[in-house]
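Residue numbers (our numbering), protein chains in the order written: chain A, 42 to 348; chain B, 53 to 224.
Structure record follows, encoded as structure tokens.
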Amino acid sequence: MQLSTRHLLGIKDLNKEDISLILSTAAQFKEVLQRPVKKVPSLRDVTIVNLFYENSTRTRFSFELAEKRLSADTINFAASSSSAAKGETLLDTVQNILSMKVDMVVMRHSASGAPHFLAQHIPAAIINAGDGINEHPTQALLDAFSIQEKMRGLEGVKVAIIGDIMHSRVAQSNIYLLHKMGAKVTVCGPPTLIPKYIQQALGVQVSYNLQETLEWCDVANVLRIQLERQNQVLFSSLREYNIAYGISKKLLDSLQKEIVIMHPGPINRGVELDSDVADSKQSIILQQVENGVAVRMAVLYLLSGKN
Amino acid sequence: MQTLFKPEKLSELIQSLSKSLFETHKDFRNIVFAGIQQGGAVLGEQITSELKLLVPGQNIDYGKLDITFYRDDIRKEILAPDTMHMPFDIENKTVILIDDVLFTGRTIKAALDTLLDYGRPAKVELCVLIDRKEHRQFPIQADYVGTTLQTKRTDKVKLIKDEVVLIPGEEG
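Now the structure itself:
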């Protein structure tokens, strides 16, 4: 069984079988990560470049660790400390790197569609590590893996995505993936942070009421308020956001059932999540990080034979 | 596809393998078994069940080893992995690897690589149902052999459910 695509540009391009294959392969890599030697030789003849045109800690470390656990050779590129700062174009940078015999490219870029552009121009396998406000496919895959582990499946699971939906590539990738796997999705947040036609375009339920949404869902995936992507004032203050859409322990305890709390990180403590919620036993935030390495190993492994 | 061994013959071979394992070791407290996915895992289950009858009351550790990530021809075709299940420590134990067919020896080499990532066993032995000896590419021999078969290089021999089948090769 093989993936139907050569690249991982977005969840949009994957079918249900691809997603299942990645998740089941990730389960085997998770087992690898529990062994005394947490490494396999599968990619020892593969060279991977991590091209990060945008800041990242978790995703970059997670990819790098996944690559090392697969025995691949890796090079890291950060736009701020490279020739991109001197005005070199994306295509020129990548072609120069590829002439050093690189097989796979992991790329994060602030422009939506940047990895799709690269995939049309270079022969290496491209993995999107987040492009603008479009997609962040490996985050959605690791979220799905974590939900599946906790809820024993994805079919019929009710997932609420809460917060800044407008600027979130995580939300978009999650919606695509959860729908393909038969889960139900509601997005919740202030009207200014939810795209107007999202219900028609992506088929999700929309709610502006946090309490009602939490009563409905099994899993709440709480997004970060992305202050760096907002060049206009979309809510009056962080304090006001916390009062209306922040999740407190008191709110969680008032619900009829115990729900699972997720967050892709980095958390703004006291804004979208209170500290005692982020650190509570209902939160699987650190399991998400752990699962991220296994899921990225699965993606890299499954795409490594396509050249 | 042609049937080489029917269920009766297969169970005879399994019994004789279990008997020679029992006669060599007698005590299995410091021994663990690992069946190589997929045929070896099926066979391993049957052999360890037989052994339990020969040493009643003794616990027999049995795991399943998947070698997908360790294959030396991995770039030719990326395969989805099978389940790995090694729920015990192998440090300083004797590990008995079990496989259905010993052919080129490459699978066993990969299985040894896989095993060593779980710890450092005191000793590793190999137990196979069928030995296709003349096609060996690596210097690997089995300690326990059910039977030896003369086959063409291009033939495929497999344990499927409770039968051993031969899928004839196209050339030669």
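Quick reminder that beta carbons are idealized off the backbone N, C-alpha and C, glycines included.
Going by C-alpha to C-alpha distance, which of P232(A), D205(A), Q297(A), K221(A) sits closest to H304(A)? As a working note, residue 304(A) is residue 263 in the first sequence. When C-alpha distances from H304(A) are compared across P232(A), D205(A), Q297(A), K221(A), the shortest belongs to D205(A).
Would you kindly work out how many angstroms separate the C-alpha atoms of P191(B) and H150(A), rounded to a whole number? The count along the second sequence starts at 1 and reaches residue 191(B) at position 139. The count along the first sequence starts at 1 and reaches residue 150(A) at position 109. Cα-Cα distance, rounded: 50 angstroms.
Evaluate H208(A) with the Cβ neighbour count: other Cβ atoms within 10 Å of its Cβ, from every protein chain shown; 16 or more gives buried, anything less gives exposed. Position 167 of the first sequence, counted from the first residue, corresponds to residue 208(A). That one is buried.
Below 8 angstroms between beta carbons is the criterion; list the residues of the segment 80-108 of chain A that meet it against any residue of chain B, in chain order. Here the close residues are K80, V81, P82, S83, D86.
Does the beta-carbon distance from G198(B) to L211(B) come in below 8 angstroms? On the second sequence, position 146 is the one that residue 198(B) refers to. On the second sequence, position 159 is the one that residue 211(B) refers to. In this structure, L211(B) does not lie closer than 8 angstroms to G198(B) by Cβ.
Can you look up G224(B) in the DSSP assignment and give me helix, strand or coil? In the second sequence, the residue the question calls residue 224(B) occupies position 172. The pLDDT assigned to G224(B) is 49, lower than 50, so where the model puts this residue is not dependable; a value taken from the coordinates is nonetheless given after this. Of the three classes helix, strand and coil, the one that applies to G224(B) here is coil, per DSSP.
Buried or exposed: which applies to G224(B), given that a residue is buried once 16 or more other Cβ atoms fall within 10 Å of its Cβ? Residue 224(B) sits at position 172 when you count from the first residue of the second sequence. With a pLDDT of 49 at G224(B), under the threshold of 50, the modelled position of this residue cannot be trusted, and the question is left open.
Separation of H162(A) from A152(A), as counted between CA atoms: Along the first sequence, read from residue 1 onward, the residue named residue 152(A) stands at position 111. Along the first sequence, read from residue 1 onward, the residue named residue 162(A) stands at position 121. Take the alpha-carbon of A152(A) and the one of H162(A): they are about 17 angstroms apart.
Just verifying my parser: in three-state terms, what is the DSSP assignment at D317(A)? One-based indexing of the first sequence puts residue 317(A) at position 276. Secondary structure of D317(A) (DSSP, three-state): helix.
Chain C within 8 angstroms of Y122(B), Cβ atoms only: In the structure shown, chain C does not exist; the protein chains are A and B.
Between I66(B) and chain A, is any beta-carbon pair separated by less than 8 angstroms? As a working note, residue 66(B) is residue 14 in the second sequence. It does not: the Cβ of I66(B) has no partner Cβ on chain A nearer than 8 angstroms.
Leaving out the 5 sequence neighbours to the left and right, which residues in its chain are closer than 6 angstroms to D317(A) when beta-carbon positions are compared? Taking the first sequence and counting its residues from 1, the one referred to as residue 317(A) is at position 276. A distance below 6 angstroms between beta-carbons, with the five flanking residues on each side excluded, links D317(A) to the following residues of its chain, in chain order: K290.
Applying a beta-carbon distance threshold of less than 9 angstroms, which residues of chain A neighbour A132(B)? Locating residue 132(B) in the second sequence gives position 80, counting from the first residue. Correct list: M42, Q43, L62, S65, T66, Q69, L343.
If V209(B) sits next to F57(B), beta carbons under 8 angstroms apart, how far is it from one beta carbon to the other, in whole angstroms? The residue you call residue 209(B) lines up with position 157 of the second sequence. The residue you call residue 57(B) lines up with position 5 of the second sequence. Not confirmed; about 10 angstroms, so no contact.
Answer with yes or no whether the minimum CB distance from R158(B) to chain A is below 8 angstroms. The count along the second sequence starts at 1 and reaches residue 158(B) at position 106. Output row for R158(B): interface = no.
Checking contacts by CB at 8 angstroms: is G171(B) closer than that to chain A? Within the second sequence, residue 171(B) is the residue found at index 119, counting from 1. At least one CB atom of chain A sits nearer than 8 angstroms to the CB of G171(B).
Assigned secondary structure, F74(B) (DSSP; H/G/I helix, E/B strand, else coil): Counting from 1 along the second sequence, the entry for residue 74(B) is found at position 22. Correct three-state label for F74(B): helix.
What is the C-beta distance between R265(A) and D169(B), in whole angstroms, given that I count them as a contact (C-beta under 8 angstroms)? Counted from its first residue, the first sequence places residue 265(A) at position 224. Counted from its first residue, the second sequence places residue 169(B) at position 117. Beta-carbon to beta-carbon, R265(A) and D169(B) are separated by about 37 angstroms, too far to satisfy the 8 angstroms threshold.
Could you compute how far the alpha carbon of P351(A) sits from the alpha carbon of I52(A)? Nothing in the structure corresponds to residue 351(A), since chain A is present only between 42 and 348.
Determine, using beta carbons only, whether T156(B) and E177(B) come nearer to each other than 8 angstroms. Sequence index remark: in the second sequence, residue 156(B) carries index 104 (1-based). Sequence index remark: in the second sequence, residue 177(B) carries index 125 (1-based). Against a cut-off of 8 angstroms, the Cβ pair of E177(B) and T156(B) comes out as no contact.
Under the assumption that A132(B) contacts T66(A) (Cβ atoms under 8 angstroms), give the Cβ distance between them as a whole number of angstroms. Working through the second sequence from its first residue, we reach residue 132(B) at position 80. Working through the first sequence from its first residue, we reach residue 66(A) at position 25. Sure, about 6 angstroms apart at Cβ, within 8 angstroms.
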